[in-house]
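Step one of this worksheet: look at the structure below.
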Amino acid sequence: MTMRIINLDHISSNPLLPEVKEAMIAAIREDYHNPSSQHKRGETAAEILEKSRETVAGLINASNPKEVVFTSGGTESVNHAVKGAALANAKKGKHIITSNIEHNAVIRSIRRLKGLGYTVTSLDVDEYGRVNPADVADAITDETILVSIMHSNNETGTIQPIEEIAKITRQKKVIFHTDAVDSVGVVPIDVQNMGVDLLSFASNPFYGPTGVGGLYVRRGTMVWPLIDGGVQENNKRGGTENLIGIIGMAAAAKIAKKKLPEWLAHLEKLKSKLINDLPKHIDEYIINTPPESSLPNLLSVSIKHIEGESVMLMLDDDDIAVSTRSACATGSLRASHVLISIGLSHADAQGTLVLTLGQDCGEDLARYLAIIPKNLKRLNLY
């Protein structure tokens, strides 16, 4: 009998919640029309779209649902925020501030802007992967138009002091974007309290469909659309909306808002148990995830004297899915820029496994811990 596959890579992909599947199937059966059409079927679809927008906006406590722009996922949301804000505010200046541990969606968006004459200051982080807000303040010049610092890191789980940074950017009148793709629906997110101007997020971290995301744009923030065409999304993104996906996202957002305290407690309990049990099974390792201010569902562990991808493939043979770094960086032979930035050697960085937990994890961790010593022995380490 085939053993059930254990998913300890929830940050790459989450299963759809049953209620989300049902909502999307029901929407397919309804055969909704184009929300931009002006006949009755189009008007009905437009009403469903705006109702979904209200629900999603509620998950992040946006003051107005129209501040949420639906996108094709986290990557587009980040691109829209970074490039859109830079292009819209180029007359003021062309200086951008970011950090050394950002996701490739930010890194490559900024790299593209550098080719258009923008200058960039990339800030160092401490051993926990945190940006010092004072460094942000010191880096701001009269030419600075955008600060982009991620809310949580997808490789270490580090949560940044976003509210402190936002106080600085507000005082300096600089647009502040945060990549919260791995945070929304995992930890409480309140854009009012955070004070950010732009926030990127996606549906799949809170068990919604992949290929659907959102960009929060605080009212009054200048951002150019990246996709020109129709007047959809309040003139911020052309193209017919993915209504079925958005309905699924809204269904997931509604559940996440209600169950987040319960989910959070479950994940924190699992993560704590995993940390406590690791020494019983692995001798030499480094935990890269900070003990405080980190995602409850992520643990980054660098095992000494191994190549992480080899262990990942062995675990895959045992029907256990883990990751070595961001799924978007898979295939790169270079050590993670995030882990190097927090002070790891290249050897230790290459021996890293990233475990991300979900609501369906329970006894799965015991199976993982029981199997991994066998794989390490196969590498002649134990």
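Just so you know, the sequence shown maps onto residues 179 to 560 in our numbering.
Cβ atoms here follow ideal geometry from the backbone N, Cα and C, with glycine treated the same way.
Residue i (DSSP reduced to helix, strand or coil)
{"i": "residue 144", "result": "Given that the chain is displayed from residue 179 to residue 560, the structure contains no residue 144 and the question cannot be resolved."}
{"i": "residue 352", "result": "coil"}
{"i": "residue 493", "result": "helix"}
{"i": "residue 313", "result": "helix"}
{"i": "residue 303", "result": "coil"}
{"i": "residue 534", "result": "strand"}
{"i": "residue 212", "result": "coil"}
{"i": "residue 413", "result": "helix"}
{"i": "residue 230", "result": "helix"}
{"i": "residue 249", "result": "strand"}
{"i": "residue 319", "result": "coil"}
{"i": "residue 554", "result": "helix"}
{"i": "residue 336", "result": "strand"}
{"i": "residue 164", "result": "With the chain running from 179 to 560 in the structure shown, residue 164 is simply not present."}
{"i": "residue 189", "result": "coil"}
{"i": "residue 182", "result": "coil"}
{"i": "residue 526", "result": "helix"}
{"i": "residue 194", "result": "coil"}
{"i": "residue 369", "result": "helix"}
{"i": "residue 516", "result": "helix"}
{"i": "residue 428", "result": "helix"}
{"i": "residue 380", "result": "strand"}
{"i": "residue 404", "result": "coil"}
{"i": "residue 509", "result": "Note that residue 509 scores a pLDDT of 49, beneath 50, so its modelled location is shaky; the value from the coordinates is reported in the next line. Three-state DSSP puts residue 509 in coil, outside helix and strand."}
Span separating the alpha-carbon of residue i from that of residue j
{"i": "residue 368", "j": "residue 555", "result": "46 Å"}
{"i": "residue 295", "j": "residue 257", "result": "17 Å"}
{"i": "residue 293", "j": "residue 346", "result": "28 Å"}
{"i": "residue 429", "j": "residue 198", "result": "5 Å"}
{"i": "residue 286", "j": "residue 250", "result": "18 Å"}
{"i": "residue 353", "j": "residue 321", "result": "12 Å"}
{"i": "residue 507", "j": "residue 299", "result": "Reliability fails at residue 507, whose pLDDT of 47 lies under 50, so the model's placement of it is uncertain and the value that follows must be treated cautiously. Distance between the alpha carbons of residue 507 and residue 299: 22 Å."}
{"i": "residue 521", "j": "residue 184", "result": "31 Å"}
{"i": "residue 410", "j": "residue 497", "result": "43 Å"}
{"i": "residue 567", "j": "residue 244", "result": "Because the chain here runs from 179 to 560, residue 567 falls outside it and cannot be looked at."}
{"i": "residue 242", "j": "residue 391", "result": "17 Å"}
{"i": "residue 443", "j": "residue 239", "result": "21 Å"}
{"i": "residue 530", "j": "residue 489", "result": "9 Å"}
{"i": "residue 446", "j": "residue 337", "result": "15 Å"}
{"i": "residue 545", "j": "residue 201", "result": "34 Å"}
{"i": "residue 492", "j": "residue 523", "result": "24 Å"}
{"i": "residue 362", "j": "residue 335", "result": "13 Å"}
{"i": "residue 393", "j": "residue 405", "result": "14 Å"}
{"i": "residue 342", "j": "residue 412", "result": "30 Å"}
{"i": "residue 191", "j": "residue 435", "result": "20 Å"}
{"i": "residue 512", "j": "residue 551", "result": "26 Å"}
{"i": "residue 253", "j": "residue 222", "result": "30 Å"}
Nearest to residue i (by Cα), restricted to the options the options
{"i": "residue 331", "options": "313, 277, 443", "result": "277"}
{"i": "residue 340", "options": "188, 373, 515", "result": "373"}
{"i": "residue 260", "options": "399, 536, 489", "result": "399"}
{"i": "residue 569", "options": "488, 487, 226", "result": "This structure gives no information on residue 569, because the portion of the chain shown stretches from 179 to 560."}
{"i": "residue 422", "options": "185, 192, 191, 208", "result": "208"}
{"i": "residue 514", "options": "281, 201, 233, 247", "result": "281"}
{"i": "residue 424", "options": "191, 187, 235, 192", "result": "235"}
{"i": "residue 359", "options": "484, 342, 333", "result": "333"}
{"i": "residue 487", "options": "528, 451, 470", "result": "528"}
{"i": "residue 127", "options": "416, 370, 221", "result": "The structure shown does not extend to residue 127, since the chain is modelled only from 179 to 560, so the question has no answer here."}
{"i": "residue 456", "options": "549, 343, 201", "result": "549"}
{"i": "residue 319", "options": "538, 350, 291, 289", "result": "350"}
{"i": "residue 475", "options": "483, 438, 494, 464", "result": "438"}
{"i": "residue 329", "options": "302, 377, 454, 314", "result": "377"}
Residue environment, residue i, which counts as buried when at least 16 other CB atoms sit within 10 Å
{"i": "residue 458", "result": "exposed"}
{"i": "residue 468", "result": "buried"}
{"i": "residue 383", "result": "buried"}
{"i": "residue 305", "result": "exposed"}
{"i": "residue 462", "result": "exposed"}
{"i": "residue 415", "result": "buried"}
{"i": "residue 187", "result": "buried"}
{"i": "residue 509", "result": "Its pLDDT being 49, under 50, residue 509 is placed unreliably by the model, and the measurement read from it follows with that caveat. Exposed, by the Cβ-count rule."}
{"i": "residue 289", "result": "exposed"}
{"i": "residue 517", "result": "buried"}
{"i": "residue 407", "result": "exposed"}
{"i": "residue 538", "result": "exposed"}
{"i": "residue 403", "result": "buried"}
{"i": "residue 309", "result": "buried"}
{"i": "residue 495", "result": "exposed"}
What ranges does the alpha helix (DSSP H) occupy inside the region 251-301, keeping only unbroken runs of at least 4 residues that lie completely in it?
Within the region 251-301, the complete alpha helix (DSSP H) segments at least 4 residues long are 252-266, 282-292, listed from N- to C-terminus.
Please specify which runs of the beta strand (DSSP E), each continuous and at least 3 residues long, are wholly inside the region 442-502, giving them in chain order.
463-465, 476-481
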